[in-house]
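Peer 1: Below are the structure tokens for one structure; questions will follow.
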Amino acid sequence: MSDRGIARRVAKKEIRLFFSSPVAWLFLVSFVGASLFVFFWVESFFARNIADVRPLFEWMPRLLIFLSAAITMRMWSEERRTGTLEHVLTQPVALWHFVLGKFRACFFLLLLALFSTLPLPITVALIADLDWGPVAAAYLATTLLGGAYISIGLYVSARTDNSIVSLIGTVALCGFVYLLGSSTVAGFFDSNMAESLRLLGSGSRFDSITRGVLDIRDLVYYLSVIAIFLTLNVSALEKERWARGAAIKRHMQWRFLILLLIGNILLTNVWLNRITNLRIDLTEGQLYSISEPTHEFLEKLEEPLLIRGYFSAKTHPLLSPLVPQLRDLIREYAVAGGGKVRVEFLDPADEPEMEKEANDLYGIQATPFQIADRYQSAFMSSYFNILVKYGDKFETLGFTDLIEAKTGSNAQAEVLLRNPEFDITRAIKNVLYSYQVAGDVFDGIDEQVELIAYVSADELLPERLLNYKNTIRSQLNDLELESQGKFTVRFIEPEERGGVVAEQIAQQWGFKPMVTALDSDREFFFYLTLADTRQVVQLPTDQFNEDHFEAQLEAGLKRFASGFTKTVSLLVPKVNEKMATHHLGGPTFINLERLITQDYSIRMEDLADGRVSPEADVLAVVAPHRLTRQQIFAIDQFLMRGGTLVLVSSPYSVELAYGQMRLQEWDSGLGDWLGHHGIEIGKSLILDEQNAPFPSPVIRTSGNYEFQNVQLIDYPYFIDLRSPGLAAGHPVTSSLPQLTMAWASPLKVDKTRGRKVTTLLRSSAKSWLSRSTEIMPELDEQGELNFDSGELKHPIDVGVVVQGRFESWFVGKPYPLTSSEESSGPSINTIVEHSPNSARIILYASNDFLDDQILKVVVTGAGTQYIGPLELFMNTLDWAVRDDALLKIRSGGSFNRTLPSMERKAQKVIENLNYAASFLFLLLLAAIHRVRKILRRRHYAKALCASGSA
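Under numbering that gives the first Met the number 0, the first residue of the sequence shown carries the number 0, and numbering increases by one thereafter.
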């Protein structure tokens with residue numbers, strides 16, 4: 000027998016013997032059954048409502064211990080017990096061939112066992128949007144971990160002649176290696192020691208890979224464990240060949256070579272531990288790696304950037320495993336920064352001066368956490384913070400900014416990093432832009448910007464405007480000299496050459512002649528525009544206040560500059576504070592306001608004076624209620640100047656209070672204005688069979704009595720939007736995996752007006768409309784929910800973008816601003832009659848999907864913080880102001896891929912199909928083994944007959 004085929008023949012023999020043993024089949028069936036039971040029952044896959052297979056792999060390090068022990072327990076112990084080991088030892092063949100053959104056999108059996116679990120990820124991918132990157136990484140991690148356990152089991156089996164002892168010994172040794180890096184053991188030590196233990200533990204390395212990151216250090220660790228224990232296995236068998244009590248030179252050389260090999264393997268791991276950038280991020284969107292938007296911000300750095308991590312040695316057990324992940328990611332910033340990024344990590348408890356600086360200068364405080372063990376419950380204060388500093392500007396991130404938690408069905412919290420790259424990169428953007436605000440606005444302008452003043456001759460202007468013109472002209476000339484060629488000024492009299500320019504700007508921009516209230520026969524022009532090769536911006540001039548001009552001009556120039564924080568003007572309904580505490584009076588948007596302030600300068604608007612803040616880059620109007628003509632005029636003229644309007648509106652709003660759910664009419668006052676632009680929000684609500692769970696008050700009818708309680712139901716008014724309902728090709732929605740729209744109304748847009756209409760959000764083909772105001776779920780005596788079911792079901796638009804030329808609604812109507820609303824002096828009536836083609840209306844037809852209370856309710860239903868609507872709104876703002884760098888990475892997260900709504904019957908069918916598919920695979924293996932056994936017997940019978948006849 001040649002040496003080349005020994006390992007293969009040994010593997011075939013062991014596989015055949017394994018399938019001939021009923022005990023082996025029992026272990027294999029038990030493994031598959033346990034895996035499925037854990038997935039569907041222990042971790043409650045459907046109740047968890049996350050489209051991943053993490054629950055399966057979270058239990059793999061423990062399940063594989065018993066499977067590997069069962070596979071390997073008789074591999075060498077049976078050879079020793081039956082006496083066939085002597086036959087192996089006396090063969091003139093290197094023993095590593097036999098060891099490798101048995102390892103190959105066990106590894107093949109492991110792969111078959113893992114193959115039986117493949118129906119689970121396939122099922123998830125069929126019913127939801129599954130990220131296959133972490134799944135592939137998890138299967139690779141499982142095979143490596145299983146290989147490590149198998150090598151340990153083979154070594155233990157080689158040391159005993161009792162299979163049961165081998166089983167127990169393997170479970171004990173593998174369990175020790177697993178527990179070494181577990182949070183249970185690591186919790187007894189500080190973070191440095193705990194991190195060292197995690198480097199030695201098999202389970203912690205496994206978790207690192209299953210999140211979707213292939214790190215060379217983790218891969219080499221498992222290969223090292225396999226190599227070490229296979230080497231020890233060969234060594235244990237080799238010693239059986241030696242004469243008892245003999246100490247010849249060859250034995251000493253053998254021991255030295257074994258120690259040298261193991262030592263080199265260990266040193267390789269120690270050396271690789273310093274290398275943090277040899278890894279591949281397999282997650283969709285590369286959640287744990289530096290992406291292109293981050294590189295773009297790092298390239299803009301002109302001063303050193305400091306990223307400092309404050310991590311306590313003793314912290315909460317759920318946060319402790321996240322510290323190494325953050326450290327690795329932050330170190331990648333240092334590598335990507337090319338010397339411009341300085342990274343530091345410290346434990347404030349070890350450096351009192353740095354702790355005082357963190358407390359006093361940066362406002363970083365230790366957070367108290369409650370921890371509990373089997374003996375007591377206690378509080379501990381620890382740091383889990385990141386400081387990002389650029390020049391004299393800084394921003395801090397705490398654990399609430401960095402993590403997301405989900406409460407499982409077993410009441411245990413699952414804590415993961417939410418989207419660390421986005422959080423850190425956003426902090427870098429904020430400090431970079433804040434630092435640049437103090438500098439020259441022209442530093443951020445790449446091409447020349449021209450101010451064109453369409454101003455009538457001096458003799459046509461009122462005295463007030465003539466003074467205004469002379470004042471700003473002086474300011475403009477000074478600024479032109481300071482700009483170093485990046486800013487030019489040009490005054491044009493529209494009445495020249497027979498009024499050609501006047502006619503041109505009237506057609507192109509809607510600039511009509513102005514008049515004063517005192518002299519309506521005296522017409523003149525006074526319009527200011529800023530333009531480059533990409534866009535034209537009109538400066539607001541309706542106040543004609545010299546003191547405000549400089550600020551208005553700077554705000555306009557910043558629209559052409561990169562590196563400056565953009566400004567969002569936000570109008571939300573005014574709600575009585577006392578009523579709001581009881582969830583009455585209308586929707587509130589505190590979470591939305593707080594999120595906007597993280598990325599933008601925000602101006603809370605009233606619009607009662609008929610004007611939008613001149614520095615506004617985008618106007619957001621959320622749940623408007625009974626707007627006045629002055630407020631509508633402000634919105635109208637902002638759009639006419641080429642601005643972008645983000646409008647969130649619907650004819651209805653919902654009150655949830657005191658166990659009641661009431662639908663109330665919510666008149667925005669914008670119905671006629673929207674209708675003028677060919678946009679209609681239907682006075683009805685959309686219901687969809689594809690919906691999200693909602694903890695709703697439910698009325699249960701029993702006989703002549705009605706009872707009310709709260710149940711988690713599939714609520715058709717909570718539309719669950721997924722692809723293709725989310726526009727895959729649009730930047731606003733392309734990165735969103737799912738979105739829940741609450742109590743949305745249908746949108747209709749006239750597409751015959753020459754504007755570009757893009758549908759962003761659309762319900763499924765199983766949706767319908769209802770005009771019923773009874774939105775409170777009712778259960779009949781059979782426990783079934785009753786909703787108004789429409790006969791005509793079809794996709795319905797709930798979010799659109801309309802871009803193009805809009806005509807002002809106020810043309811031909813009385814000027815809406817009275818003299819009391821004008822500044823001192825004669826009032827000047829000016830209306831921009833139409834917009835440029837760059838004007839946009841972005842409309843979402845729901846008043847409540849961004850409401851604080853509704854977001855909180857969705858959290859209750861999902862078990863984790865739900866920020867999908869907020870991400871949609873922030874993506875909209877990013878796209879509106881053309882600052883879409885963060886838009887590409889904002890929607891990443893660990894719990895944002897949810898399952899679609901399904902009936903209980905469908906869930907049971909899916910679960911049973913997975914059981915059937917896995918066990919059918921095992922039956923197929925049994926059938927193949929049976930057929931091969933029959934064919935082998937026939938082959939032997941023919942061979943015996945042939946030898947007998949000879």
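Idealized CB from N, CA, C, for every residue including glycine. Since the model is a prediction, treat every value here as computed from it, not as a measurement.
Which word fits Y453, buried or exposed, when buried means at least 16 other C-beta atoms lie within 10 angstroms of its C-beta?
Peer 2: Buried is the call here.
Peer 1: Could you tell me how far apart the beta carbons of S19 and G152 are, in whole angstroms, since I believe they sit closer than 8 Å?
Peer 2: The Cβ separation is near 20 Å, so there is no contact.
Peer 1: Is it true that the stretch 308-320 meets the stretch 329-348, where meeting means three or more beta-carbon pairs spaced less than 8 Å apart?
Peer 2: They touch, by the three-pair rule.
Peer 1: Contact between the stretch 557-569 and the stretch 605-622 is defined here as three or more beta-carbon pairs at a separation below 8 Å; is this criterion met?
Peer 2: Yes: at least three Cβ pairs fall under 8 Å.
Peer 1: Which residues in the same chain as E549 place their Cβ atom closer than 8 Å to its Cβ, once the five residues preceding and following it in sequence are excluded?
Peer 2: So the list reads Q474, once near-sequence residues are dropped.
Peer 1: Could you give the residue range of the beta strand (DSSP E) that holds S568?
Peer 2: Segment T566 to L570, the beta strand (DSSP E) holding S568.
Peer 1: Buried or exposed for A10, please, with buried defined as at least 16 other CB atoms from any protein chain shown within 10 angstroms of its CB.
Peer 2: That one is buried.
Peer 1: In or out: H676 buried (at least 16 other Cβ within 10 Å) or exposed?
Peer 2: So H676 counts as buried.
Peer 1: Reducing DSSP to helix, strand and coil, say where E479 ends up.
Peer 2: In the structure shown, E479 sits in a helix (DSSP, three-state: H, G or I).
Peer 1: Mind checking who W767 pairs with in its DSSP beta bridge?
Peer 2: Partner(s): L686.
Peer 1: Of the residues Q503, F588 and R903, which one's Cα is nearest the Cα of I866?
Peer 2: Ranking the options by Cα distance to I866, first place goes to F588.
Peer 1: How is Q369 classed by DSSP in three states: helix, strand or coil?
Peer 2: In the structure shown, Q369 sits in a strand (DSSP, three-state: E or B).
Peer 1: Sorted by chain position, which residues of the same chain lie with C-beta nearer than 6 Å to F56's C-beta, five sequence neighbours on each side aside?
Peer 2: Closer than 6 Å at Cβ, skipping near neighbours: A137 and T209.
Peer 1: For a quick check, are the C-beta atoms of L738 and L760 less than 8 Å apart?
Peer 2: Cβ atoms of L738 and L760: closer than 8 Å.
Peer 1: With DSSP as the reference, label I841 as helix, strand or coil.
Peer 2: It is a strand residue.
Peer 1: Is the stretch 603-610 in contact with the stretch 475-492, if contact means three or more CB pairs nearer than 8 Å?
Peer 2: Touching, no.
Peer 1: Mind reading off the beta-carbon distance from L178 to V184? Whole number of angstroms is fine, and I expect it under 8 Å.
Peer 2: Confirmed, about 5 Å.
Peer 1: Using DSSP bridges, identify the partner residues of N708.
Peer 2: V697, per the DSSP bridge assignment.
Peer 1: Give me, in chain order, the residues of the same chain whose beta-carbon lies closer than 7 Å to that of N358; leave out the 5 immediate sequence neighbours on both sides.
Peer 2: Once the five neighbours on either side are set aside, the close Cβ partners of N358 are Q364.
Peer 1: Is R273 helix, strand or coil by DSSP?
Peer 2: In this structure, R273 counts as coil in the three-state DSSP scheme.
Peer 1: Which residue's Cα is closest to the Cα of L431: T399, E910, E394 and D883?
Peer 2: Cα-wise, what sits closest to L431 is E394.
Peer 1: How many angstroms separate the CA atom of P493 from the CA atom of Q534?
Peer 2: P493 and Q534: Cα-Cα distance of roughly 21 Å.
Peer 1: On the DSSP bridge assignment, give the partners of P692 in chain order.
Peer 2: According to DSSP, P692 bridges with D713.
Peer 1: Assign L258 to one of two classes, buried (16 or more other C-beta atoms within 10 Å of its C-beta) or exposed (fewer than that).
Peer 2: It is exposed - the Cβ of L258 has fewer than 16 other Cβ atoms within 10 Å.
Peer 1: Compute the beta-carbon to beta-carbon distance between K727 and E295, rounded to the nearest angstrom, for a pair I have assumed lies under 8 Å.
Peer 2: The amino acid at residue 727 is misidentified as Lys; the sequence shows Ala. A727 to E295, Cβ: 24 Å. No contact.
Peer 1: Which residues in the same chain have their Cβ closer than 6 Å to the Cβ of I841, if we skip the five residues on either side of it in sequence?
Peer 2: Same-chain partners within the cutoff: V645, V800 and T875.
Peer 1: Please report how far the alpha carbon of D128 lies from the alpha carbon of D51, in whole angstroms.
Peer 2: Approximately 9 Å, taken between the alpha carbons.
Peer 1: Quick one: what does DSSP say K904 is sitting in, helix, strand or coil?
Peer 2: The answer is helix: DSSP assigns K904 an H, G or I state.
Peer 1: Are the Cβ atoms of G724 and S763 separated by less than 8 Å?
Peer 2: Yes, the Cβ-Cβ distance between G724 and S763 is below 8 Å.
Peer 1: For F56, does the three-state DSSP call read helix, strand or coil?
Peer 2: It is helical.
Peer 1: Who does Y526 pair with in a DSSP beta bridge?
Peer 2: Looking at the DSSP assignment, Y526 forms a beta bridge with Y453.
Peer 1: Quick one: grab the DSSP three-state call for T854.
Peer 2: Here residue 854 is Leu; the residue named in the question, Thr, does not match the sequence. The answer is helix: DSSP assigns L854 an H, G or I state.
Peer 1: Please state if the CB of S182 and the CB of P316 are separated by a distance shorter than 8 Å.
Peer 2: Yes, these two residues count as a Cβ contact at 8 Å.
Peer 1: Does the stretch 524-534 touch the stretch 849-857, meaning 3 or more C-beta pairs lie closer than 8 Å?
Peer 2: Judged by Cβ distances under 8 Å, the stretch 849-857 makes no contact with the stretch 524-534, as fewer than three pairs qualify.
Peer 1: Give the list of continuous alpha helix (DSSP H) stretches no shorter than 4 residues that lie fully inside the stretch 99-165.
Peer 2: Correct list: 118-126 and 131-156.
Peer 1: Helix, strand or coil, according to DSSP, for Q737 in the structure here?
Peer 2: The answer is coil: DSSP assigns Q737 none of H, G, I, E or B.
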